[in-house]
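First to last, the sequence lines map onto chains A and B.
Number 247 in the numbering used here belongs to position 161 of the first sequence; there are no gaps in the numbering.
Number 254 in the numbering used here belongs to position 47 of the second sequence; there are no gaps in the numbering.
Ideal placement from N, C-alpha and C gives every residue a C-beta, glycine not left out.
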Amino acid sequence: MTEKIQELRRLASMEIAAVQDLEDLDNFRIKFLARKGFIAELFDELRSIPSEDRPSSGKALNELRLFVQTLFDQRKRQLGSGSTKRKEMLDLTLPGRARWVGSQHPLTQTLDEIKRIFFRMGFSIATGPEIEDDYHNFEALNFPPDHPARDMQDTFFISEKILLRTHTSPVQIRVMENQQPPVRVIIPGRVYRNETISSRSYCLFHQVEGLYVDKGVSFSELKGTLVTFARQFYGSDLKYRFRPSYFPFTEPSAEMDITCFLCKGRGCRVCKMTGWLEILGCGMVDPNVYKFVGYDPEQYTGYAFGMGIERITMLRYGIDDIRILFENDVRFLRQFS
Amino acid sequence: MRISLNWLRKYIDIQISPNDLADRLTMIGFEVENIEHLGAKYDRFVVGEVFEVQKHPNADKLTVCKVGIGTEVLQIVCGAPNVKPFQKVAVGLTGARIPHNQHDPDAKPFFLSQAKIRGVDSYGMICSAFELGIGDDKNGILELAKNAKPGLPLADYLGINDTILEVGITPNRPDAMSHIGIAREIGALLEQKVNTPSTKVKESKKGIGKYASVRVEDKQNCPRYTARVILGVKIASSPEWLKESLNAIGIRPINNVVDITNYVLMECGHPLHAFDYDKLDGHTIVVRLARKNEFFTTLDHKNRELRDDILMVCDAAHPVAIAGIMGGENSEISESTVNVFLESAYFRPQSIRKSAKYFGLSTDASQRFERGADPSITPWAVDRAARLIQDICGGEILRGKIDSYPKKISPRKITLRVGKTNEVLGIRLSAKRISSLLNKLNIEVLKSNSKGISNKSLTFRIPTFRPDIEREIDLIEEVARLHGYNNIETKNFATIQFSEGVPKEDITDIIRKELTGFGMREVVANSMQQKSVASLASDKIVEIANPISKDMSSLRTSLIPGMLSIIRHNIYHGTKNLRLFEIGRVYFHAPGSVDAKMVEGYTEDEHLLLTFTGVAQPLAWDQKPRFVDVFDVKGELQSLFDKISLDKIKYIPYPNTKALTENGLIIEINGEYVGSLGSVRREILDRFEVEQDVFIAELRLDVLSKHVKTIRRDFRALPKYPAVRRDLAVVLDSRVPVGGLEEKIWQSGQPLLTDLELFDIYIGDQIPSGKKSCAFALEFLSEDHTLAQEEVDDVIQNIIDQTSRSFGAEIRK
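Spelled out as structure tokens, the structure:
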């Protein structure tokens, strides 16, 4: 009896493994568990064995029935839930269910990166209006009325004394009007120039301006700040140079060039064969500007700098037409996801 | 400005290469934007000798020539009638860029290639003067001198070996707008002397006093007027060297007298004007302001109306020139001119600037006067020109010159503190070093003052040609420039003042990141648009007085129109499913508005625009595409509000269509209007040629950020007792808005109801017609005990009672 029970246990284990579908499973049930099945047959045989062996054999037989029933139940659950047949049909090469992908405009991404670098250097953000008055946009920045330097920036006028700001520098004046030194801000924003629209110039663009005024600020520190910025932004092995230039609101004034990263300084179309790329204008705040905002130029010195976000973005990604930035073609935007 | 190296060499010895010179000029503030080797344009041109001329077998007017170019003999098909054996000619080789195509109506350049002309091979081209760009003769080839050596590069034969530097001169440096001016800077760079030409003139015995007079009525605007008279000149074309000099820097030669005044202008930077002496009424010059309603015809044949603040140079009766800008037709030098009145004046910059702006004229003269000419140079310049006129055009220079200079402009004296200089620049230079640097620029030290070592200062005399140096800081700049910006230490540490204020979070940055996370793309649009477009959303339009075009004459009052143009562009280019957003300003003309942060009478608001069009989800293989509707906008907006912790939001349906949208909601936060959402009206979409529906939400970011909770949130302990969840379906009139029902359930479920979610709306056979069934999932929770079933039953009953009373709702069985 004991051997028969063990034999059945082995057989059931083997056959359940071979069950592939519900039909197989039903055959299994009939073979082992049905009223005329193997287990029922053994229960019938139980009557014919010696009475002293019956309790132990009966117990073993009950255990066998439970065991086979469990095998059956497990298999039934497996087949019932994710039927083997359907599993075989699952095509995992089908695409997943996608979600939309968003992106920030490349100009925002460039500005964000610039902001991050200057935040680490302790600058905070200031903003101001785009519709400006002549006083803030020109006069207080040391562009006297009827001064040729005004020709450097073709201006859109709203009325005689009100205009669309031509640079973010008027915000310097607004910040200093409302705050005593130390001042350490960067000023991002949209500016306007009345220039013919072409691949190289648009009627508006964006700048980031920086201003730092305190006691004992020097040109040397200006250089250090901007070189640090340029290295963090363009790469730590970069070569640079500062050239004298002219802006009415800074004195001395400079422009900063870096080695052209497209040709590595050998000279190419983008750097006009000079090997250098101009990336920003800067200088020490002109004492005349302090007079307009009521700072004492004997006590305070400071520096200011400004750069064009479009220009930097275009150089960075090799974009050769500024207009594409304002066209907002998704096929363009997608490249900056 | 174009600066010729050959010309510069007349004043200074330059041993360094053009590239080196360009670099060094750039590094002292004169950016060399381009270097042009004039000979380069004749790179593939050589002198040739015609050996043989034969008739072309297939064309009557063509010949086939054998031309020797030193090393080889080329076969060239030629169309010129004057080609003859043993001529020396200019030959363009294959690959040469022919400056002018004489068969092209615009005379455009072209590149020469090897060609078969009517069946005969041609390996070059024999050029005419016109084709070479050195003359107007198109009728035949240019014949070169008999002794020209075949094979010699044409540039060498023509003596074109000059190099032109295109120098960017900043508006503060009028003194450098000339060859001597640039030579002075090079002199400072190379520590070399600048030699200026002699201006010694041979005067006649006749004194100028008897021949001419000058009366300056407006002495403020014309501080100095110097003049000479030259009698008996012969007007002709200028000698080659003079024409070449002017051509090289882009000035068209006219006649000898005019060319000389231009030459002296480009030499020393001082503008001169030559009048036909015999056309000056009374042989008198009067410098005065124009009269009202006076008219004047300038050299460019334009008749201009004058304004009474325009400074004019006049004769006894009429204006003869707009002072410092342009001469007049009535007194210009012509072929019949015999006697010349030569003006060398100094005009006040502001006056010239005003005139130039009024006339919209910018001339070589006005550019220099308005930036500031040198009042001391007028006698030198007039003598220099008189001498050249005498040398080139003949004639006699009358004895003496007129020089009206009532109030002498003396050189400025400026004191420079050594300590301040070092402090501003962050360097340590000695007083001696500073003086020697400035000395190179003819800025001489007058005295040295010392109050102890730390208070040392120096007083300098500033030459009158440097109007830009007015203050100590201007001198400091000169010190920095000559010391070299790159020799100033790059200090890579800084002292930072810590701010103790709580940093304000930039809400736009947060929103931008969230929306990007929601799968939206950011756009940046032009803020200038057509007036009719700007006026769609508001009538308080800001108009631009001098727009680029009508299409950009106003500032936007809403972000929607700009976005619709972007949508149209993208649909046109094949992208129909778009989820876009923009953060940008809109602008209003608001007379009387006063905001310290704005210009009076104008306001600028930062707006956020969300736009959806096309399908709601990316296409999937097992889902039917669903098109976006207003609930997508509302849902995304709600997610955004949740993200930035905004609550107390109210959506109020607006009954009538708004300017740009319809079927929408007005959004209020804490009772304040923040914007609206809805679908863009069909007429508006039609106007922008967008066929598919577009759903938008436009919000005011300033209002939004005001209500964002930036204060720290408090942690709330998780509930200690289990929540009970129940579903509730109510049937009510289908016209009742769900919003009110939700609110009622919410109210009547307090305080135990903690969450409510609408999960189904059913209209159909199983309920009476005209009714809808709304199914809600409700969650109940108590903070201090486990809820009994009966408690929840009571609340639900209350909800049923209340909704039944308010909306006639019944529970769905």
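Problem set entry | Where Y278 of chain A sits in the DSSP three-state scheme | Strand at Y278 of chain A.
Exercise. Under 9 Å between C-beta atoms, does K426 of chain B make it to chain A?
Worked result: no
For this session: Would you kindly check if the distance between the Cβ of F291 of chain A and the Cβ of I408 of chain A is under 9 Å?
Result: yes
For this session: Could you tell me which of B:V943, B:I717, B:D829 sits nearest to I851 of chain B, measuring between CA atoms?
Result: For I851 of chain B, the nearest C-alpha among the options comes from B:I717.
Exercise. Using the beta-carbon count (16 or more within 10 Å), is N264 of chain A buried or exposed?
Worked result: With fewer than 16 other Cβ atoms inside 10 Å of its own Cβ, N264 of chain A counts as exposed.
Exercise. So which of B:H490, B:T433, B:C981 has the shortest CA-CA distance to F554 of chain B?
Worked result: B:T433
For this session: With DSSP as the reference, label L147 of chain A as helix, strand or coil.
Result: helix
Problem set entry | Residues near E721 of chain B in its chain [Cβ-Cβ closer than 7 Å; skip 5 each side] | L847, K850
For this session: Since I believe F725 of chain B is in contact with G188 of chain A (beta carbons under 8 Å), could you give me their beta-carbon distance rounded to a whole number of angstroms?
Result: 6 Å
Exercise. With 16 as the cutoff for other CB atoms within 10 Å, does S444 of chain B come out buried or exposed?
Worked result: Result: exposed.
For this session: Mind checking who G482 of chain B pairs with in its DSSP beta bridge?
Result: Inspection of the sequence shows that residue 482 of chain B is occupied by Phe rather than by Gly. Answer by DSSP bridge pairing, in chain order: B:F548.
For this session: May I ask you to report which of helix, strand or coil DSSP gives I395 of chain A?
Result: DSSP, reduced to helix, strand and coil, places I395 of chain A within a helical segment of the structure shown.
Exercise. Could you give the distance in angstroms between the alpha-carbon of E364 of chain A and the alpha-carbon of L438 of chain B?
Worked result: 53 Å
Problem set entry | Buried versus exposed, by CB contacts within 10 Å (16 or more), N354 of chain B | That one is exposed.
Exercise. Does the separation of the CB atoms of T345 of chain A and M207 of chain A fall below 9 Å?
Worked result: no
Exercise. Quick one: any contact between the stretch 607 to 627 of chain B and the stretch 510 to 520 of chain B, if contact means 3 or more CB pairs under 8 Å?
Worked result: No, because fewer than three Cβ pairs between the stretch 607 to 627 of chain B and the stretch 510 to 520 of chain B fall closer than 8 Å, the two stretches do not touch.
For this session: Kindly give me the distance between the Cβ atoms of R606 of chain B and S411 of chain B, rounded to whole angstroms, as I take these residues to be in contact under 8 Å.
Result: Indeed they touch by this definition, with Cβ atoms about 6 Å apart.
For this session: Quick one: using the 10 Å Cβ neighbour count with 16 as the cut-off for buried, is T993 of chain B buried or exposed?
Result: exposed
For this session: For A235 of chain A, return the contacting residues in chain B, with the cut-off set at a CB-CB distance below 7 Å.
Result: P378
For this session: Enumerate, from N- to C-terminal direction, the unbroken alpha helix (DSSP H) stretches of 4 or more residues contained entirely within the stretch 246 to 324 of chain A.
Result: 256 to 264, 305 to 320
For this session: Within 10 angstroms of the Cβ of P215 of chain A, are there 16 or more other Cβ atoms? Answer buried if so, exposed if not.
Result: By the beta-carbon neighbour count (other beta carbons within 10 angstroms, threshold 16), P215 of chain A is buried.
For this session: Closer than 7 Å by beta-carbon distance: list the chain A residues that pair up with M519 of chain B, in chain order.
Result: Those within 7 Å of M519 of chain B in chain A number zero; the least Cβ separation is about 18 Å.
Exercise. Thinking C-beta only, is A497 of chain B closer than 9 Å to P526 of chain B?
Worked result: yes
For this session: Just the C-alpha distance for D240 of chain A and A827 of chain B, rounded to the nearest angstrom, thanks.
Result: 52 Å
Problem set entry | Reduced DSSP secondary structure (H/G/I, E/B, other) of D407 of chain A | D407 of chain A carries a coil assignment under DSSP once its states are collapsed to helix, strand and coil.
Problem set entry | D300 of chain A at chain B interface by Cβ criterion, 9 Å | yes
Problem set entry | Members of the stretch 722 to 739 of chain B near chain A, C-beta cut-off 9 Å | L722, T723, G724, F725, G726, M727, R728, E729, V730, V731, A732, N733, S734, M735
Problem set entry | Euclidean distance between Cα positions of G351 of chain A and E392 of chain B | 27 Å
Exercise. Using the beta-carbon of each residue, which ones in chain B are nearer than 9 Å to L180 of chain A?
Worked result: W828, D829
For this session: Report yes or no: is there a C-beta of chain B within less than 9 Å of the C-beta of Y381 of chain A?
Result: With respect to chain B, the C-beta atom of Y381 of chain A has no partner C-beta closer than 9 Å.
For this session: Give a yes or no on whether 9 Å exceeds the smallest Cβ distance from M208 of chain B to chain A.
Result: no
Exercise. Does E149 of chain A have its Cβ less than 9 Å from a Cβ in chain B?
Worked result: With 9 Å as the cut-off, E149 of chain A does not count as an interface residue toward chain B.
Exercise. Buried or exposed: Y928 of chain B, going by 16 or more other Cβ atoms within 10 Å of its Cβ?
Worked result: Using a 10 angstroms sphere on the CB of Y928 of chain B, the tally of other CB atoms stays under 16, which defines it as exposed.
For this session: At 3 residues or longer, and completely inside the stretch 389 to 422 of chain B: list those beta strand (DSSP E) runs for me, N to C.
Result: 410 to 414
For this session: Starting from the C-beta of T170 of chain A, find all residues in its chain whose C-beta is less than 6 Å away, skip the five residues before and the five after it, and write them out in chain order.
Result: At T170 of chain A, the pLDDT of 49 sits below 50, so the modelled position is not reliable and the matter cannot be decided from this model.
For this session: Find the nearest neighbour of W214 of chain B within the set B:P378, B:F337, B:N402, B:D227, judged by alpha-carbon distance.
Result: B:N402
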